[in-house]
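Heads up: the sequence lines are chains A and B, in that order.
Here the first sequence is numbered in the working numbering, starting from 1 and rising by one per residue.
Here the second sequence is numbered in the working numbering, starting from 1001 and rising by one per residue.
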Amino acid sequence: MNTTSNKPLSLRTEGDTHIVVTRRFNATPEAVYRAHTDPAIIQQWLLGPDGWTMPVCICEARPGGSFRYEWAHQSKPGFYITGEFHALEPGRRIVHVERMFLPFQTPDNHVETRFDADGDGTLMTMRMTLPDAETRKQMLSSGMEKGMEASYVRLESQLG
Amino acid sequence: MQSLDSSFAALADPTRRAILARLALGEATVLELAKPFEMTQPAISRHLKVLESAGLIEQRVDGTRRPRRLAKPALDNIDEFLNTLRRALAANYDRLDQILADVNQNSTPTHKNPGGPR
């Protein structure tokens, strides 16, 4: 797969507790929104690195609905994310809270994802909010990224 | 990457996570670490040994003191985290680009059936 993209990802911290991600897609806001809420589609792209699968993908995309994504690997300990949807505006916005189990539980991460029409495409803005500055600091220093880093290195080699 | 499994094991314990959180604020001796956890020094020392062999913390020699601190690689990873997250998201979204392109072509987003005709 060609990894070069004319729609570069932007990722930055904001204040003490936020992480903001933006990305443009060549598809309508409705299509991008659907890719984030239809479990059959989520299972195709939110897979992470080579060797990982998502055997469980439950996504009740309605206010108050919950979701649960479980990743499995033949030789690595699996992990999962659970969360709840707080607000859903089809084709426009998703507000949810999530936490990871690695297996220890990470603090709740509040996420607002916006899908804004941008020409004939979509500009997606995902804004994560950690409970406080200390939590974000601890999250980033707790070693959680070690597992993620290994995963992403494999993902890179898969794509490269 | 070799230490991934030991990192997971080291982080599976709430006391060890709390120790790391404490050390994120600055170095501390075993005695200083034992105090807030209401644990004996040997118990804390066992936890520190696990964290140490996972490469998450290290000792510094300061006269008779042996303060523990987050290992340099662990500190580097704090800065590394955002880059890592960026790479991961970029890869996921590149994959999503393909799916969205397929959806546009077929105009019917359906579950890809592995092994089935496509």
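C-beta atoms are modelled at their ideal positions from N, C-alpha and C, and glycine is treated no differently.
Quick one: which chain A residues come within Cβ less than 8 Å of Leu-1089/B? Taking the second sequence and counting its residues from 1, one reaches residue 1089/B at position 89. The answer, in chain order, is Leu-9, Leu-11, Val-21 and Arg-23.
Smallest Cα separation from Arg-34/A: which of Asp-132/A, Ser-10/A, Ala-133/A and Met-124/A? Reading the first sequence from its first residue, position 34 is the one you call residue 34/A. That would be Met-124/A, whose Cα lies nearest to the Cα of Arg-34/A.
Quick one: any contact between the region 56–73 of chain A and the region 1089–1109 of chain B, if contact means 3 or more CB pairs under 8 Å? Contact between the region 56–73 of chain A and the region 1089–1109 of chain B is absent, because fewer than three Cβ pairs lie under 8 Å.
Is any beta-carbon of chain B found at less than 9 Å from that of Gln-44/A? One-based indexing of the first sequence puts residue 44/A at position 44. Yes, its Cβ sits closer than 9 Å to a Cβ of chain B.
Separation of Ala-1091/B from Ala-87/A, as counted between CA atoms: Locating residue 87/A in the first sequence gives position 87, where the first residue counts as 1. Locating residue 1091/B in the second sequence gives position 91, where the first residue counts as 1. If I take the Cα positions, the gap works out to 27 Å.
Do you know whose CA, among Arg-1095/B, Ala-1043/B, Ile-1019/B and Ala-1071/B, lies nearest Trp-45/A's CA? Stepping through the first sequence from its first residue, residue 45/A is reached at position 45. Looking at Arg-1095/B, Ala-1043/B, Ile-1019/B and Ala-1071/B, the one whose alpha-carbon comes closest to that of Trp-45/A is Arg-1095/B.
Who are the near neighbours of Gln-74/A in its chain, counting only those whose CB is closer than 8 Å to its CB and skipping five residues on each side? On the first sequence, position 74 is the one that residue 74/A refers to. Gly-51, listed in sequence order.
Under a Cβ-count criterion, where at least 16 other Cβ atoms within 10 Å of its own Cβ denotes burial, should Val-21/A be classed as buried or exposed? Here the question's residue 21/A lines up with position 21 in the first sequence. Taking every protein chain shown into account, the CB of Val-21/A has 16 or more other CB atoms within 10 angstroms, so this residue is buried.
9 Å is my cut-off, CB to CB: does Ile-81/A come that close to chain B? On the first sequence, position 81 is the one that residue 81/A refers to. No, no contact with chain B.
Count the other C-beta atoms from every protein chain shown that fall within 10 angstroms of the C-beta of Asp-1097/B, then say buried if there are 16 or more, exposed otherwise. Within the second sequence, the letter at position 97 stands for residue 1097/B. It counts as buried.
When you compare each of Gly-65/A, Asp-16/A, Gly-15/A and Ala-31/A to Val-1103/B by their alpha carbons, which one comes out closest? Here residue 1103/B refers to the residue found at position 103 when the second sequence is read from its first residue. When each option's Cα is compared against that of Val-1103/B, the closest is Ala-31/A.
When burial is assigned at 16 or more other CB atoms within 10 Å of the CB, is Pro-39/A buried or exposed? Numbered from 1 along the first sequence, position 39 holds the residue referred to as residue 39/A. Burial check for Pro-39/A: the Cβ neighbour count within 10 Å reaches 16 or more, so the residue is buried.
Beta-carbon proximity list for Leu-1051/B, same chain, < 6 Å, skipping 5 on both sides: Numbered from 1 along the second sequence, position 51 holds the residue referred to as residue 1051/B. Same-chain partners within the cutoff: Ala-1010, Arg-1016 and Ile-1057.
Of the listed residues Thr-113/A, Arg-62/A, Pro-107/A and Met-100/A, nearest to Tyr-69/A (C-alpha basis): Taking the first sequence and counting its residues from 1, one reaches residue 69/A at position 69. Nearest C-alpha to Tyr-69/A: Met-100/A.
Is there at least one Cβ from chain A nearer than 9 Å to Gln-1105/B's Cβ? Position 105 of the second sequence holds residue 1105/B. Not closer than 9 Å to any Cβ of chain A, the Cβ of Gln-1105/B fails to qualify, so no.
With burial defined as no fewer than 16 other Cβ atoms inside 10 Å of the residue's Cβ, what is the status of Thr-13/A: buried or exposed? Here residue 13/A refers to the residue found at position 13 when the first sequence is read from its first residue. Classification of Thr-13/A: exposed, given that the 10 Å Cβ count is below 16.
Environment of Leu-1025/B [buried if 16+ CB atoms lie within 10 Å]: As a first step, residue 1025/B must be located in the second sequence, where it is residue number 25. It counts as exposed.
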